[in-house]
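Numbering (the numbering used here), first residue to last: 273 to 501. Heads up, the thing below is written out as structure tokens.
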Ligand code: DC
């Protein structure tokens, strides 16, 4: 059976990971959430105080990069591979608002991107992979056979994220979440190194008004077209 590379990019909270996980499961492909890797580096920077409320010691973090070991370990309970930072499962911690607040700053550091992109390319060497992020179709796998770009309105995305965080017991307001979503959109699309842009050959899916099933059908159709090409 022919295996391909599937790149799923888009703004934060567009449901990239939901659809990428579904697709990987259906096809028996490996799923990689690259946002989790940027989040894990951010968590490391917070724990080691390279980042604090008012300062970011970029040079310090860059020097410490060789000490950061990232690994995905498949969890039968979760049904996907969870993120480990230096052998500790950080899957939950990396989703906290504190990490979300700083992750775009860390993701803008070229040396961080260089390290993570190299690891991502290595994971996808044998194809049969669904990877989601911001620069997968443009930088990590410019030759991916299928590229999808997901969008939805900022309000819709903030609503989804707000619900998720509240269900996990985090004390946040919708306004804070919306502000974080908008701030990250701006930082992600305007950073100098690998800004979030739609690859010219990516297929766009706006899921503001799509059900999960509707969205999955669309993506399966795109996969079938790509595999038959
Ligand atoms: O997908 P996410 O919201 O978990 O991603 C967290 C942050 O990481 C996001 O603000 C942008 C950054 N990111 C990136 O720059 N490149 C990627 N390939 C994935 C994520």
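Glycine residues also receive a C-beta, built at the ideal position from the N, C-alpha and C atoms. In this text the structure is predicted, and so the values were computed from the model without any measurement.
Please report how far the alpha carbon of residue i lies from the alpha carbon of residue j, in whole angstroms.
i, j, result
"residue 314", "residue 440", "20 Å"
"residue 455", "residue 317", "20 Å"
"residue 326", "residue 393", "34 Å"
"residue 294", "residue 334", "35 Å"
"residue 225", "residue 273", "One cannot answer for residue 225 here, as it falls past the ends of the chain, which runs 273 to 501."
"residue 330", "residue 323", "8 Å"
"residue 341", "residue 359", "8 Å"
"residue 497", "residue 408", "20 Å"
"residue 332", "residue 350", "34 Å"
"residue 368", "residue 328", "19 Å"
"residue 386", "residue 362", "22 Å"
"residue 457", "residue 391", "24 Å"
"residue 353", "residue 299", "16 Å"
"residue 389", "residue 303", "15 Å"
"residue 499", "residue 319", "44 Å"
Let me know if residue i comes out buried or exposed under the rule of 16 or more other beta-carbons within 10 Å of its beta-carbon.
i, result
"residue 484", "exposed"
"residue 473", "exposed"
"residue 419", "buried"
"residue 345", "exposed"
"residue 281", "buried"
"residue 515", "This structure does not reach residue 515, given that the chain is present from 273 up to 501, and the question cannot be answered."
Less than 7 Å between C-beta atoms, sequence neighbours within five positions excluded: which residues of the same chain meet that for residue i?
i, result
"residue 289", "305 and 404"
"residue 514", "A query on residue 514 cannot be resolved here, the shown segment of the chain reaching from 273 to 501 and no further."
"residue 308", "355 and 366"
"residue 463", "380"
"residue 396", "277, 403 and 413"
Quick one: residues in its chain with C-beta nearer than 8 Å to the C-beta of residue i, no 5 flanking neighbours on either side, listed in chain order?
i, result
"residue 460", "283, 284, 376, 379, 406, 467 and 468"
"residue 488", "291, 294 and 295"
"residue 501", "417"
For residue i, I'd like the list of residues in its chain whose CB is within less than 6 Å of its CB, leaving aside the five on either flank, ordered along the chain.
i, result
"residue 437", "444"
"residue 278", "402 and 418"
"residue 432", "285"
"residue 426", "453 and 454"
"residue 275", "399 and 400"
For the putative contact between residue i and residue j, defined by C-beta atoms under 8 Å, what is the C-beta separation to the nearest angstrom?
i, j, result
"residue 450", "residue 384", "Not confirmed; about 26 Å, so no contact."
Ordered list of alpha helix (DSSP H) runs contained in the segment 351 to 382, each at least 4 residues: The segment 351 to 382 contains, as complete alpha helix (DSSP H) runs of 4+ residues, the segments 369 to 379 (chain order).
Beta strand (DSSP E) runs contained entirely in the segment 381 to 435, provided each spans 3 or more residues: Here the runs fully enclosed are 401 to 405 and 418 to 423.
Alpha helix (DSSP H) runs wholly inside the segment 445 to 496, at least 4 long, in chain order: Unbroken alpha helix (DSSP H) stretches of 4 residues or longer found wholly inside the segment 445 to 496: 446 to 462, given in chain order.
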